[in-house]
Every structure is written in C-alpha cells, then in structure tokens.
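Taking my numbering, the leading residue of the sequence shown gets 7, the next gets one more, and so forth. C-beta atoms are modelled at their ideal positions from N, C-alpha and C, and glycine is treated no differently.
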Amino acid sequence: MSHPKKAFFPGSFDPFTKGHEDIVLRALALFDEVIIGIGQNSSKSRYFPLAKMEEYIRKTFEGKPVSVVTYQNLTANVAHEYGAKFIVRGLRNTTDFEYENSISQVNRHIHNELETVFLITSPHLAPISSTIIRDLHRYGSPVDQYLPYSLD
C-alpha cells in the first residue's frame with residue numbers, strides 16, 4: 007500500500023491571497039494532502055493577526071484535504087515532522103525563482119528526501135502580492151477582490 011503524497015506549502019501568508027489559493031488548489035491535483043504552514047518570524051511583526059489568518063485559510067479549504075499549521079522552525083524540519091516529502095512554492099517571476107531555488111537547495115541539504123515543486127502562478131494572479139494587499143488595506147482601499155475570503 008502506498009503512502010499518501012503530502013506537500014507542505016510554507017509562507018507568512020500576511021495575508022493569504024487568491025494567488026496562494028490557486029497554488030493550493032493546483033497542488034491538490036498532484037498531491038493527496040496539502041499542509042499549509044504559516045511561518046512565524048520573530049523579527050517581523052504581522053499586519054493581519056495570525057489566529058485570524060489561520061481561521062480564514064481553514065474556512066477557505068473546508069472539505070478539502072488541506073490542513074493549516076503554524077510554526078517557528080526551519081521549514082525543512084517542519085515539513086519532515088509532518089511527513090511531507092514535497093515542498094510547494096509558487097513562482098510569479100524570475101526574481102522569485104532565484105530566491106526560491108536557493109532555499110530549495112538548503113532544504114534538500116537538511117533533509118535529502120525533500121523535493122521542492124515549483125508551480126508557476128496563473129497569469130491573471132501574478133500581479134497580486136501580500137505586500138501590495140497590505141499597502142492597499144493600510145490606506146483604506148478595498149482588498150476583498152484579491153482574497154479568497156472577506157475580511158471582517
């Protein structure tokens with residue numbers, strides 16, 4: 007009997023966007039389960055509260071084989087701890103690739119069974135970034151069109 011293929015999708019998700027949702031939904035076509043890992047960086051403060059973002063993400067994927075965890079550790083260690091053999095990352099452009107490629111090399115060095123799978127962002131979602139959404143929200147512009155949930 008084969009083991010389910012688990013993928014770990016890490017990020018700060020501050021906030022979790024329609025671009026992130028698209029990557030998860032496409033990853034579900036490749037993997038049996040996707041674990042979304044919200045990394046907590048102690049040197050950065052979040053704009054959107056962690057507990058609220060975790061709740062929004064859980065509701066977004068209700069009924070799907072997606073779980074949400076928060077963590078403060080190396081991504082490779084957390085993926086390994088949850089039994090994920092794959093890390094999924096979305097790429098919007100070549101700058102993302104350069105950055106993510108370096109990280110994937112280190113993750114593989116830490117746990118050599120970890121394979122990073124890059125999914126190219128769907129073209130209509132490529133301009134969306136968490137940074138832009140935070141700036142829009144900070145200055146009172148509506149952002150719900152970029153999110154798979156409504157902010158309360």
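What would DSSP say about residue i, mapped onto helix, strand or coil?
i: P129; result: helix
i: R52; result: coil
i: Y155; result: coil
i: L142; result: helix
If I measure Cβ to Cβ from residue i and keep anything under 8 Å in the same chain, skipping five residues before and after, which residues do I get?
i: V75; result: I41, I42, G43, I44, V84 and Y88
i: Y105; result: none
Applying the 10 Å Cβ sphere with the 16-neighbour rule, what's the burial state of residue i?
i: N107; result: exposed
i: P21; result: buried
i: G25; result: buried
i: A35; result: exposed
i: Y152; result: buried
i: I138; result: exposed
i: S48; result: exposed
Spatial neighbours of residue i within its chain, please: C-beta separation below 7 Å, excluding the five flanking residues on both sides.
i: N113; result: T81, A82, I93, L120 and T122
i: A90; result: K12, A13, F14 and I41
i: F37; result: K11, K12, A13 and F92
Taking the DSSP output, what are the residues bridged to residue i?
i: K12; result: E39
i: F124; result: R95
Would you say residue i reaches chain B, if we count a Cβ-Cβ gap shorter than 7 Å as a contact?
i: S147; result: Of the protein chains in the structure, only one exists, and it is not chain B.
Exercise. Which runs of the alpha helix (DSSP H), 4 residues or longer, sit entirely within the segment 76 to 122?
Worked result: 81 to 87 and 100 to 116
For this session: Could you pull out every unbroken alpha helix (DSSP H) segment of at least 4 residues lying fully inside the segment 21 to 74, listed in chain order?
Result: 24 to 33 and 56 to 66
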